[in-house]
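Residue numbers for the sequence shown follow our numbering, so the first one is 38 and each next one is one higher. Glycine is no exception: its CB is placed at the ideal position from the N, C-alpha and C atoms. Every value quoted in this text rests on a predicted model; they were computed, and no experiment measured them. Have a look at the structure below before the remarks.
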Amino acid sequence: MVDKFVGTWKMISSENFDDYMKAIGVGFATRQVGNRTKPNLVVTVDEQGIICLKSQSTFKTTEIKFKLDEPFDETTADDRKTTTVVTMENGKLVQKQSWDGKETNIEREVTDGKLIAKCRIGDVIAVRTYVKEA
Numbered sequence: 038m039v040d041k042f043v044g045t046w047k048m049i050s051s052e053n054f055d056d057y058m059k060a061i062g063v064g065f066a067t068r069q070v071g072n073r074t075k076p077n078l079v080v081t082v083d084e085q086g087i088i089c090l091k092s093q094s095t096f097k098t099t100e101i102k103f104k105l106d107e108p109f110d111e112t113t114a115d116d117r118k119t120t121t122v123v124t125m126e127n128g129k130l131v132q133k134q135s136w137d138g139k140e141t142n143i144e145r146e147v148t149d150g151k152l153i154a155k156c157r158i159g160d161v162i163a164v165r166t167y168v169k170e171a
């Protein structure tokens, strides 16, 4: 199921990401950089089933490694310390982050050769679209 996510994905669009970052508490300066950054997303799976999501940009590279359905501690790109769990739901990779009584989820799916990431907190939704690099 995870295999369709494996590869290097290049961001081609980002909608409503500033509002999403505001809603999760990201400060103005970091939001300015976040809005201008178009990271690549590199997804790998090793022989033990450990999934690696690496977000690479000229500004910052972050990486998380995890097994599906197993909670882990994550330090996000904007420096939040979260308890995170990633599950597979209806063919979508769903990453739930919890911190300070708040929760957000990032739902990734592959549709028509594109990886669509929907970032949600409350009623705020950002959509980031990626295409697979050759």
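Counting along the chain, no beta strand (DSSP E) covers G71; the unbroken alpha helix (DSSP H) around it starts and ends at F65 to R73.
Counting the other CB atoms within 10 Å of its CB gives M58 a total of 16 or more, which places it among the buried residues. With 16 or more other CB atoms across the displayed protein chains lying within 10 angstroms of its CB, F42 is buried. Short of 6 Å from the beta carbon of T74, and not among the five residues preceding or following it, lie these beta carbons of its own chain, in chain order: S94 and F96. Under DSSP, F109 forms a beta bridge with T121. Under the three-state reduction of DSSP, A114 is assigned to coil, being neither helix nor strand. For V161, same chain residues with a beta-carbon under 6 Å away, outside a window of 5 residues either side, are D56, Y57 and A60 in chain order.
With a contact defined as Cβ atoms closer than 8 Å, V39 and I88 qualify at about 6 Å. In terms of Cα proximity to S51, the closest of E107, V164, C156 and E111 is V164. With a beta-carbon spacing of about 5 Å, Q134 and T121 fall inside the 8 Å limit used to define contacts. In the DSSP assignment, I61 falls within the alpha helix (DSSP H) that extends over F54 to I61.
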